[in-house]
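In the working numbering, the protein residues as written are 6 to 183.
This is the structure we're talking about:
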């Protein structure tokens, strides 16, 4: 039993394995395999040794297919992965040739609390401004500004460590800095 358009596959010894490019199918003790001619590699000798598909540039289980035009390959992507390299998560994609799609723009949500304008970074925790949209009040609520020794212009040695932000940066050495 031979199969293929010109009876090139020995269906009896090779089963569903399709050795290509002049490769020879040999029956192994576990399963048949292809002996590739010089210049070819891959499970079915389908890849030229100088092929851009040799190191499979396709991500997420995509399959590389050599083509004649630059970049000389294309990726066939599984469902939910799109892009030229199958690198973009796209739940609407059913699978197939990856397409060059633009990533959606990042949407910035403005702060809608008028009194938060200009209050960030003033060393006072404004809890109504302590959210993503209002920039976390410039970090004012994450620092211990109620401590009378914090950021008082004097380095208090017991607070001269990273956990205390070097006493509100009072212990930061300024000489030699640009």
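Glycine residues also receive a C-beta, built at the ideal position from the N, C-alpha and C atoms.
Using the C-alpha atoms, what's the distance from residue j back to residue i?
i: residue 129; j: residue 93; result: 42 Å
i: residue 103; j: residue 158; result: 59 Å
i: residue 77; j: residue 45; result: 16 Å
i: residue 97; j: residue 145; result: 42 Å
i: residue 40; j: residue 27; result: 9 Å
i: residue 87; j: residue 117; result: 36 Å
i: residue 32; j: residue 25; result: 16 Å
i: residue 51; j: residue 75; result: 19 Å
i: residue 135; j: residue 55; result: 57 Å
i: residue 120; j: residue 141; result: 14 Å
i: residue 49; j: residue 113; result: 50 Å
i: residue 89; j: residue 105; result: 5 Å
i: residue 29; j: residue 95; result: 40 Å
i: residue 131; j: residue 162; result: 29 Å
i: residue 22; j: residue 107; result: 38 Å
i: residue 69; j: residue 122; result: 52 Å
i: residue 99; j: residue 165; result: 57 Å
i: residue 184; j: residue 133; result: Outside the shown range of the chain (6 to 183) lies residue 184, about which nothing can therefore be said.
i: residue 35; j: residue 81; result: 29 Å
So for residue i, helix, strand or coil by DSSP?
i: residue 102; result: strand
i: residue 82; result: strand
i: residue 91; result: coil
i: residue 19; result: helix
i: residue 39; result: strand
i: residue 30; result: strand
i: residue 6; result: Reliability of the predicted coordinates at residue 6 is poor, the pLDDT of 49 falling under 50, and no value is obtained from them.
i: residue 114; result: coil
Nearest to residue i by alpha carbon, out of the options?
i: residue 53; options: 73, 66, 101; result: 73
i: residue 71; options: 47, 122, 146; result: 47
i: residue 138; options: 49, 50, 115; result: 115
i: residue 67; options: 56, 57, 75, 79; result: 79
Our contact map puts residue i next to residue j with C-beta atoms below 8 Å; I'd like the distance itself, whole angstroms only.
i: residue 37; j: residue 20; result: 6 Å
i: residue 126; j: residue 143; result: 3 Å
i: residue 61; j: residue 83; result: That pair is no contact at about 13 Å.
i: residue 91; j: residue 58; result: About 13 Å; that fails the 8 Å criterion.
Since residue i is in the beta strand (DSSP E), which residue starts that stretch and which ends it?
i: residue 71; result: 68 to 71
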